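Quick notes on the structure that follows.
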Amino acid sequence: MNINPQGFEIRNREVNNLYQALAQSDLSLDDAELFFDFPMYKGDDDNLVISQMLLISPIYGVIIFYSSGATEYNFEALNKDDRSLERVASFVAARLLKNDRLRRGMLAFSLPVNTLLYSPLIDGNTIRVDSLRNPVVATTRELIASIESFRKDFAENIFYEAISTIQGAKGLLKPEDRNIEKLPPGSKAEKIMGVESKILMFDKDQQEGYIPALNGPQRIRGLAGSGKTVILAMKVAQTLLRDETRRATILYTFSTKSLYQHVIRLIQRFYREFHDDSTNLDRLTVMHSWGGRSNAGVYYEACQAFGHDFLTYPAAQAASRGGMDPFEFACKDLLESVEVKPLFDFVFVDEAQDYGIYFMRLCTKLARDKQVCFGADIFQNIFQKKSPTAKEIFDDGTEFLKDKFLEVCYRTPLGILVSAHALGLGVYGNQVQKIESVGYWEDLGYNVLSRENGDFQESELVDVLRETKNSPTFSHEDTRELLSYHFECKDLEDEINRVATSIENDIMREGLLPEDILVICADDYHCNPYFNKLTKVLSVRDIHTNNVHAEKISIHDFKVKGRVTLSTIHKAKGNEAYSVYIMGTDFLCHNLNIRNRNLLFTAMTRTKGWLYISGIGELTRQLKKEIEMALNNVPHIRFTYPTAKEAQQIEHDIKHGERTSAKDLSELEAMLQKFGSLENVQKLLDEQAGKKGRK
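The sequence shown: position 185 = 206 (the numbering used here), numbered continuously.
This is how it looks when you write it as structure tokens:
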């Protein structure tokens, strides 16, 4: 049996006795899914209804259990447990019947659905149980015999449909309708339909992330596309359901503004999987991390609540004098100036990898009893080397009660993800980051073939492998069919025309919807000319665009039906598309440092299907070389671990990169205008060092 959630601690003695009876039996339960304290529902009276124990088996169907501690001298207790089981079963049955694939006729099921009241302390010969509404079993033999009587043949897909329904996975956003009748065999649209036709289910790690109650600091970490936002949204829904006070308030915050509508929709859909009344959603607040007078934000609202002056980005940047990230400075200033008290019962922080310790500390103080949950990416980290530890965030010895890793990436196809990791680390060029241990690679979902455990040694040959089970999407497709590039563009106009032609082919010949397509400009400084010209070229071809980059203040949907999305890398974070185009990569190639490689990694991992990378001129030669090496090694990443000297340089570059601000770059530019070139500056410094040496 597979236990859900993993590692569940059974504290109820009667439930444990029932579980042990099942585990030690000869029943065919190897592929069965066993849920504890799940699912839970809210009734019309808004009271919480929790399933004590529920089994879904490909052989015995769905069985809702209740283990009773009643004795023959306390029939009323048994009667009460019987009513509790009946109430849970009625909710489960109602949800199953809503699924057309699980319903046969008006009220019949496509698989066995039964209840069992396990009451080992009663004697069926001395107490009447025929008045109860559920079958009662008092011995292990009766339990096994009853379950065996439920045995029935039914289709495998019905088993998975039942799991999906019980999990609440039907709340995931529905796929778009596609017409592939006039398309050639093997079109992209046909392949997408093959992916979307699979039954959506949560895996073991994801269930362990959202089922347990939030009763203290927790963290959920995983790769881009592992479902962190989805799991946080489900956990919000479950937290609202668990609240029996009808007063608990929840804050959900994030870094990427374009996630706003997506997050709200997810939470609403998941909540409705377990409760038909959406009134309680009024106690949920979803807002951006910073905010301002025109849009609500956590920092802004905290300043308002505690009477502190709000710092705008320019004000924080000026006050920090380039010594700290402006947002971190603003949060630090708030925390050091006023006593921050809880404003919410629970706080959820998505994209936590983008924040430093002071915003996380602020969120923790805004939550009652540190009931906070962070969702963080364990590789994509544009602003810092790694997410802060519990020690750094809480500064009082508090540890995370649960720190869950999600190893499976459901978004980005295996070959593209492996290539993105290789490029992000720089292992086939100038290595800018290092993964020091076998354990960390395993957290990323890789198998290390070159050693069993421990830390890598300098100059060690490292060989890691990603299996299809950890990146199942389009796993049978040739990576070179999914990832293509063109770096021989003559100029901006040539690059845009090539991208526009490929987009037109995606829509007209491959059957993609315009909203399936995302164009990312890697050149932050020239996004406007890129997008303005691309919009004009596509418009002539009757293809319309949604320029997310043009939205400076308002929070709108990242995707708009019937339009190709245009975005910068930063605004694309947390979003995805089946076909992604990355233009202007020559801008990143000026300096393939840790920041630019992380930006490239972020852009590449937006795709859940196809990826096209383009750039202009000779600058892209090194990037092209690294992409080819990565593709030649897929599904492996093979490289030599840095020497001690190289590792020291990597650490230096990381720290230096974290300290470099826009103000530093402006001062450097002014200095170069004064002295002419870096070479001249170096000569002057050498000369000055020589003078000091002669004193």
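Even glycine gets a Cβ: it sits at the ideal position worked out from N, Cα and C.
In this text, all values refer to a predicted model and were calculated from it rather than measured experimentally.
With distances taken Cα to Cα, identify the nearest neighbour of residue i among the options.
i, options, result
"Asn120", "Gly192, Pro238, Val370 and Val158", "Gly192"
"Glu473", "Leu465, Ser458, Ala114 and Lys203", "Ser458"
"Val561", "Leu534, Tyr546 and Thr522", "Thr522"
"Tyr551", "Asp563, Cys352, His570 and Pro535", "His570"
"Asn23", "Asp47, Asp52, Leu43 and Tyr40", "Asp52"
"Asn38", "Tyr81, Ser49 and Phe86", "Phe86"
"Arg314", "Arg268, Tyr334, Phe96 and Gln27", "Tyr334"
"Thr186", "Ala176, Asp375, Asn135 and Arg122", "Arg122"
"Gly465", "Asn491, Ser471 and Gly64", "First, the amino acid is wrong: residue 465 is Leu here, not Gly. The shortest Cα separation from Leu465 among Asn491, Ser471 and Gly64 belongs to Asn491."
"Ile165", "Lys554, Ala44 and Glu647", "Ala44"
"Ile80", "Tyr181, Arg342, Phe327 and Leu128", "Tyr181"
"Glu54", "Gln188, Asp297 and Arg149", "Gln188"
"Pro493", "Glu35, Ser111, Gly246 and Pro205", "Gly246"
"Ile528", "Glu211, Asn68 and Phe96", "Glu211"
"Val10", "Leu50, Asp102 and Phe130", "This structure cannot settle anything about residue 10, because the visible part of the chain is limited to 22 through 716."
"Pro233", "Ala651, Leu137 and Phe56", "Phe56"
"Leu262", "Tyr292, Thr277, Lys278 and Phe275", "Tyr292"
In this structure, how does DSSP classify residue i when only helix, strand and coil are distinguished?
i, result
"Tyr334", "helix"
"Lys406", "Because the pLDDT of Lys406 is 48, which lies under 50, any placement of that residue in the model is unreliable, and the number read from its coordinates should be weighed accordingly. Coil."
"Met625", "helix"
"Ser523", "helix"
"Glu509", "strand"
"Gly460", "helix"
"Arg240", "strand"
"Val453", "coil"
"Asp801", "Look at the range of the chain in this structure, 22 to 716, and you will see that residue 801 is not part of it."
"Gly215", "helix"
"Ser440", "helix"
"Asn568", "strand"
"Leu39", "helix"
"Ser185", "helix"
"Asn23", "strand"
"His657", "strand"
"Ile31", "coil"
"Arg124", "strand"
"Leu194", "coil"
"Ile399", "coil"
For residue i and residue j, I'd like the C-alpha separation in whole angstroms.
i, j, result
"Pro196", "Val284", "17 Å"
"Arg501", "Val655", "10 Å"
"Lys270", "Ile671", "According to the sequence provided, residue 270 is Thr. The question's Lys does not apply to it. Straight-line Cα distance between these residues: approximately 44 Å."
"Leu438", "Gly312", "33 Å"
"Leu48", "Glu169", "7 Å"
"Gln325", "Phe331", "8 Å"
"Lys406", "Ile399", "The pLDDT assigned to Lys406 is 48, lower than 50, so where the model puts this residue is not dependable; a value taken from the coordinates is nonetheless given after this. The alpha-carbon atoms of Lys406 and Ile399 are separated by roughly 10 Å."
"Asn567", "Val581", "7 Å"
"Trp462", "Lys209", "32 Å"
"Asp416", "Phe223", "34 Å"
"His547", "Arg584", "22 Å"
"His497", "Thr489", "9 Å"
"Gln41", "Lys592", "51 Å"
"Glu413", "Arg108", "46 Å"
"Asp346", "Gly230", "31 Å"
"Phe369", "Asp512", "45 Å"
"Val393", "Gly418", "16 Å"
Which whole-angstrom value describes the C-beta separation of residue i and residue j, a residue pair presumed to lie in contact below a C-beta threshold of 8 Å?
i, j, result
"Leu117", "Ile179", "Actually they do not touch by this definition, with Cβ atoms about 10 Å apart."
"Cys542", "Met604", "5 Å"
"Ser600", "Ile675", "With a Cβ gap of about 33 Å, Ser600 and Ile675 do not count as contacting."
"Cys352", "Tyr320", "6 Å"
"His309", "Asn301", "Wrong, their Cβ atoms sit about 23 Å apart, outside the cutoff."
"Thr266", "Leu235", "Not a contact, Cβ separation roughly 14 Å."
"Lys718", "Phe508", "The shown model of the chain, from 22 to 716, leaves out residue 718, and the question about it has no answer."
"Arg15", "Leu435", "The chain is shown only over 22 to 716; residue 15 falls outside these bounds and no answer can be derived."
"Gly532", "Ile201", "6 Å"
"Asn135", "Ile84", "5 Å"
"Leu356", "Tyr379", "6 Å"
"Arg455", "Ala183", "Note that residue 455 corresponds to Lys in the displayed sequence, not to Arg. In fact, because the Cβ distance is near 45 Å, the residues do not count as touching under 8 Å."
"Leu99", "Ser111", "With 8 Å as the limit, Leu99 and Ser111 do not qualify as a contact, their Cβ atoms being about 19 Å apart."
"Lys63", "Phe348", "Not a contact, Cβ separation roughly 37 Å."
Exercise. Touching or not, the segment 234-251 and the segment 414-431, by the rule of three or more beta carbon pairs under 8 Å?
Worked result: yes
Exercise. Three or more C-beta pairs closer than 8 Å, one from the segment 217-232 and one from the segment 148-164: is that the case here?
Worked result: no
For this session: Kindly confirm or deny that the segment 468-484 and the segment 618-637 touch, where touching means at least three C-beta pairs closer than 8 Å.
Result: no
Exercise. Do the segment 648-667 and the segment 609-627 make contact, defined as three or more Cβ pairs closer than 8 Å?
Worked result: no
Problem set entry | Stretch pair the segment 445-453 + the segment 244-259: three plus CB contacts closer than 8 Å | no
Exercise. With contact counted as at least three CB pairs below 8 Å, one residue from each stretch, are the segment 388-399 and the segment 363-370 in contact?
Worked result: yes
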